[in-house]
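Worksheet: the structure to be examined is printed underneath.
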Amino acid sequence: MAKKNSKNWLLIPIIALIYLLVFVAEKVAGTSSMLVTVLEKGAIYALIAVSLNLLNGFTGLFSLGQAGFMLVGAYTYAVLTIPMAKRAAVYQYYNGGCITFTVPFIIAIILGGLLAAAFAALIGFPVLRLKSDYLAIATLGFAEIARALVQFDGLGPITNGSNLLKTYPTYKTVMFPFCAAGICIAIILLLIHSTYGRAFKAIRDDEIAAEAMGINLFRHKELSFVISSFFAGVGGALLAMYQGTLQANAFKSSMTYEILLIVVIGGMGSVSGSVIASFLFIACSEWWLRFLDAEQFIWGIKVPLLRSGFRMVVFAVVIMLIVLFYSRGIMGDREISIDRIIKKFSKKKGATK
Amino acid sequence: MSVLRVENITMQFGGVVAINNLSMEINKGEIVALIGPNGAGKTTAFNCITGVYEPTNGADYFNDSPIAINHPTGKMAKTYAGINADQYVGKHLHMTPDKITKLGIARTFQNIRLFKSMTAFENVLIGTHLRRTSNPFSATFRLNMREEKKLRAHAMDMLEVVGLADLADEKATSLPYGKQRRLEIARALATDPKLLLLDEPAAGMNPQETDDLGVFIRDIKDRFDLTVFLIEHHMNLVMDISDRIYVIDFGKQIAEGVPAEIRDNPAVIAAYLGVDEE
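Residue numbers (the numbering used here), protein chains in the order written: chain A, 1 to 353; chain B, 1001 to 1278.
Right, here's the structure in full:
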């Protein structure tokens, strides 16, 4: 129930302000600056992390298939949008490929999501009857199969096998991934706070009680799985746009683990946690720790240990520290709330008096 | 008219016969108790009615339409130790618990199973989910505002019925034990049941709370036109509110009748009352 005197409406102007800041930052720093790159990738990862959180954090289904659904979305997008004139060059080993039409990029993104959702619906039938670890293994298997299939030579005329897909349209401004991810996350939030979202949470908390309350376990799990995969597919399409070129090799299971890590660091069952964590994660791995990769000299002395790859060692330690000290993630299962922040500050004031 | 008819139910786990050829009939508007010593198979009987277990043999009927029918098959056909094995051959029906709840059988649990991350109000709200008419799309984009309002009002009413309206925004698991039990009843009532199964509703309550519970159960029975079937160990409560009592021991029915008959039944005293209450 909405509490009276809630100040949470303040979040709306704050989010608007963030969007404005991003817009200004792009103008000031330039489209190819590190800041903008991190913001772009962070927004896309935020969407994918939230979609995985819907499954892992809110429905309690431990799935590791996200990279597979992203792959489906990314390839659908790229294959359907490469301009006809450039197909011959891209599909040079497959006589220009067998698809002889293109669709507008917005429709291609949505189709990417829908195809990922269709795959999810299909594999959901057998897989969602499994519990916890077995579900993780089965979905991981699906992701690997999807990647192998895309690289399969027989499907080359469609997917270009293991060769690069390129020259498909990409976005011009950071606002595009920001707005697309924002809209998708808003839809997921609305779903989570609807009666279906409550049913998902009931399944997570106690399957037996949820079933006794008349919730059809399989149908709701399938629903959550399909919706999560839809947004993973959309996220994959956005990621393809971000990268500019596309190769199935990038969508390994380590990509799923990256996203799972974001979800765990942000907090299982917290949308705002996933969003914050994905920006922090991308900033750390791509930007803030970069200096560790280059040899550095302070007063003419070479700093020990710094070399290419050392960044990842430090990064691993940082993650271990976070998991040690915030075992339930940055946000736990709560969301950002202005009310709570105000409460915290007023409490601190009270203590100093 | 019988609301619930349990017919020759046998539940066998491997070689263990948890319920042996149990038959019961509960009429509309009755409060019926199921009692028996620990491990007699009472909760297993509930699980066979609500679809959590598929009985090895036998049939359940709700308002005279079947909700479970089974006969021993496969490996169980060889190890089956009950009787009437051939009566149901050729028929098979297994409804999942959610379908049975939709038909109108709601239950509470012996070891309280509230949704841990939710408030008391949200717990009850889950119980209204099955009466929704919205689909995921309309629910996401808030096209079901009127229905949502109705569900919320219904959930709030149920909280009021059990006297927890002022604790609506408390975390369900932070409530005291007795109130958690009442919250479970509110949640079950929110599903709009015709038959309410209560699994040890008074467990962990003090004598005063137990007495209140007896009044409360009668009250909701009249108010919502319910039929109540309960498992209970507090003999005072059972004798006080039940119209009829079934006694089972080692999965077998050993007695059936009105409270006065049960109190004086030597088989019951031997199996249960004499041992348990000195």
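The beta-carbon is built from N, C-alpha and C at its ideal position, and this holds for glycine as well.
Checklist entry - Using 8 Å as the threshold, is the region 14-28 of chain A in touch with the region 147-167 of chain A, meaning 3 or more CB pairs across them? => result no
Checklist entry - For Pro1207(B), does the count of other Cβ atoms within 10 angstroms reach 16, so buried, or fall short, so exposed? => result Walking along the second sequence from the start, residue 1207(B) turns up at place 207. That one is exposed.
Checklist entry - So, helix, strand or coil for Lys252(A), using DSSP? => result Taking the first sequence and counting its residues from 1, the one referred to as residue 252(A) is at position 252. It is coil, neither helix nor strand.
Checklist entry - Which of the residues in the region 205-225 of chain A, read from start to end, lie with their CB under 8 Å from any CB of chain B? => result Asp205, Asp206, Ile208, Ala209, Ala210, Glu211, Ala212, Met213, Gly214, Ile215, Asn216, Leu217 and Leu223
Checklist entry - Can the beta-carbon of Phe1115(B) be found closer than 8 Å to that of Lys201(A)? => result Position 115 of the second sequence, counted from the first residue, corresponds to residue 1115(B). Position 201 of the first sequence, counted from the first residue, corresponds to residue 201(A). The answer is yes: Cβ separation under 8 Å.
Checklist entry - So what's Leu128(A) in DSSP terms, helix, strand or just coil? => result Residue numbering aside, residue 128(A) sits at position 128 when the first sequence is read from its first letter. Three-state DSSP puts Leu128(A) in coil, outside helix and strand.
Item to check | Coarse secondary structure for Asp1249(B), derived from DSSP in three states | outcome: The sequence position of residue 1249(B) within the second sequence is 249, counting from 1. Strand, per DSSP.
Checklist entry - Which same chain residues, not among the five before or five after Leu1226(B), have their C-beta less than 6 Å away from its C-beta? => result Within the second sequence, residue 1226(B) is the residue found at index 226, counting from 1. These residues qualify, in order along the chain: Leu1196.
Next on the checklist: For chain A, check one thing: does any of its Cβ atoms lie closer than 8 Å to the Cβ of Phe1109(B)?
Outcome noted: Residue mapping note: residue 1109(B) aligns to position 109 of the second sequence, counting from 1. It does: the Cβ of Phe1109(B) has a partner Cβ on chain A nearer than 8 Å.
Checklist entry - Which stretch, first to last residue, makes up the alpha helix (DSSP H) that contains Ala16(A)? => result On the first sequence, residue 16(A) is found 16 positions in, with the first residue counted as 1. First-last of the alpha helix (DSSP H) with Ala16(A): Leu11 to Ala29.
Item to check | Within-8 Å CB hit, Tyr94(A) to chain B | outcome: The count along the first sequence starts at 1 and reaches residue 94(A) at position 94. In terms of beta-carbon proximity, Tyr94(A) stays away from the interface with chain B, with every pair separated by 8 Å or more.
Next on the checklist: Any beta carbon of chain A sitting closer than 8 Å to that of Ala1267(B)?
Outcome noted: Taking the first residue of the second sequence as position 1, residue 1267(B) is located at position 267. It does not: the Cβ of Ala1267(B) has no partner Cβ on chain A nearer than 8 Å.
Checklist entry - Name the chain B residues whose beta carbon is nearer than 8 Å to that of Leu191(A)? => result Looking up residue 191(A) in the first sequence gives position 191. Under the 8 Å cutoff, chain B gives Pro1136, Ala1139 and Thr1140.
Checklist entry - At a CB-CB cut-off below 8 Å, which residues of chain A make contact with Thr1043(B)? => result Counting from 1 along the second sequence, the entry for residue 1043(B) is found at position 43. Within chain A, no residue comes near Thr1043(B); the closest Cβ sits about 12 Å away, beyond 8 Å.
Checklist entry - Per DSSP, which one or two residues make a beta bridge with His1094(B)? => result Here the question's residue 1094(B) lines up with position 94 in the second sequence. In DSSP, His1094(B) forms a bridge with Ala1068(B).
Item to check | DSSP bridge partner residues for Gly267(A) (one or two, in chain order) | outcome: Here residue 267(A) refers to the residue found at position 267 of the first sequence. Gly267(A) is not bridged to any residue.
Next on the checklist: Less than 8 Å between CB atoms is the rule here; does Val263(A) satisfy it with respect to chain B?
Outcome noted: As a working note, residue 263(A) is residue 263 in the first sequence. Judged by the 8 Å Cβ criterion, Val263(A) is not in contact with chain B.
Checklist entry - Who pairs with Ile1231(B) in a beta bridge, going by DSSP? => result The sequence position of residue 1231(B) within the second sequence is 231, counting from 1. Paired residue(s): Leu1034(B) and Asp1199(B).
Next on the checklist: Quick check on DSSP: helix, strand or coil for Gly1039(B)?
Outcome noted: Counting from one through the second sequence, the residue named residue 1039(B) turns up at place 39. It is coil, neither helix nor strand.
Next on the checklist: So that I know if they touch, is there some Cβ in chain A lying closer than 8 Å to that of Pro1176(B)?
Outcome noted: In the second sequence, residue 1176(B) corresponds to position 176, counting from 1. Contacts with chain A at 8 Å (Cβ-Cβ) do not include Pro1176(B).
Checklist entry - How close, in whole Å, do the beta carbons of Gly267(A) and Gly332(A) come, if the pair is a contact with beta carbons under 8 Å? => result Residue mapping note: residue 267(A) aligns to position 267 of the first sequence, counting from 1. Residue mapping note: residue 332(A) aligns to position 332 of the first sequence, counting from 1. About 5 Å separates the beta carbons of Gly267(A) and Gly332(A), which is inside the 8 Å limit, making them a contact pair.
Item to check | is_contact[Thr195(A), chain B] using C-beta, thresh 8 Å | outcome: Working through the first sequence from its first residue, we reach residue 195(A) at position 195. Yes, because at least one Cβ of chain B sits closer than 8 Å to the Cβ of Thr195(A).
Checklist entry - Leaving out five residues before and five after Val90(A) in sequence, what residues of the same chain have Cβ atoms less than 7 Å from its Cβ? => result Against the first sequence, residue 90(A) aligns to sequence position 90. Same-chain partners within the cutoff: Ile82, Asn160, Leu165, Lys166 and Thr167.
Checklist entry - Skipping 5 residues on each side, what residues in its chain have a beta carbon closer than 7 Å to that of Ala1202(B)? => result By 1-based counting over the second sequence, the position of residue 1202(B) is 202. Once the five neighbours on either side are set aside, the close Cβ partners of Ala1202(B) are Thr1210, Leu1213, Glu1232, His1234 and Leu1237.
Checklist entry - Which of the residues in the region 1117-1132 of chain B, read from start to end, lie with their CB under 9 Å from any CB of chain A? => result Ser1117, Met1118, Thr1119, Phe1121, Glu1122, Asn1123, Leu1125, Ile1126, Gly1127, Thr1128, His1129, Leu1130, Arg1131 and Arg1132
Checklist entry - What's the gap between the Cα of Ser224(A) and the Cα of Leu54(A)? => result By one-based count along the first sequence, residue 224(A) stands at place 224. By one-based count along the first sequence, residue 54(A) stands at place 54. For Ser224(A) and Leu54(A), the gap between their C-alpha atoms comes out near 7 Å.
Item to check | Cβ neighbours of Ala117(A) in the same chain (closer than 7 Å, five flanking residues each side left out) | outcome: Within the first sequence, residue 117(A) is the residue found at index 117, counting from 1. If we look at Ala117(A) and ignore the five residues flanking it on each side, its Cβ neighbours are Val226, Ser229, Phe230 and Gly233.
Next on the checklist: Assuming the contact rule is C-beta atoms closer than 8 Å, Ala181(A) and Ala46(A) should be a hit. Round their C-beta distance to whole Å, please.
Outcome noted: Reading the first sequence from its first residue, position 181 is the one you call residue 181(A). Reading the first sequence from its first residue, position 46 is the one you call residue 46(A). 6 Å between Cβ atoms; contact.
Next on the checklist: Check whether chain B comes within 8 Å of Ala237(A), counting only Cβ atoms and requiring the distance to be less than that.
Outcome noted: What you label residue 237(A) is simply residue 237 of the first sequence in a count that begins at 1. So no, Ala237(A) is outside the interface.
Next on the checklist: So that I know if they touch, is there some Cβ in chain A lying closer than 8 Å to that of Thr1101(B)?
Outcome noted: Here residue 1101(B) refers to the residue found at position 101 when the second sequence is read from its first residue. With 8 Å as the cut-off, Thr1101(B) counts as an interface residue toward chain A.
Item to check | Any C-beta of chain B under 8 Å from that of Asp339(A) | outcome: Against the first sequence, residue 339(A) aligns to sequence position 339. Chain B contact via Cβ: absent.
Checklist entry - At what residues does the beta strand (DSSP E) containing Thr1010(B) begin and finish? => result For this step, residue 1010(B) is matched to residue 10 along the second sequence. Its beta strand (DSSP E) spans residues Ser1002 to Phe1013.
Item to check | Proximity winner among Met1158(B), Ile1100(B) and Leu1143(B), relative to Leu1130(B) (alpha-carbon distances) | outcome: As a first step, residue 1130(B) must be located in the second sequence, where it is residue number 130. It is Ile1100(B) whose Cα lies nearest to the Cα of Leu1130(B).
Checklist entry - Just how far apart, CA to CA, sit Arg340(A) and Ile14(A)? => result For the purposes of this step, residue 340(A) is taken as the residue at position 340 of the first sequence. For the purposes of this step, residue 14(A) is taken as the residue at position 14 of the first sequence. If I take the Cα positions, the gap works out to 16 Å.
Checklist entry - Within the chosen definition, does the region 1092-1109 of chain B reach the region 1057-1074 of chain B through at least 3 CB pairs nearer than 8 Å? => result yes
Checklist entry - CB Ile1031(B) to CB Ser1242(B), shorter than 8 Å? => result Position 31 of the second sequence, counted from the first residue, corresponds to residue 1031(B). Position 242 of the second sequence, counted from the first residue, corresponds to residue 1242(B). Contact: yes.
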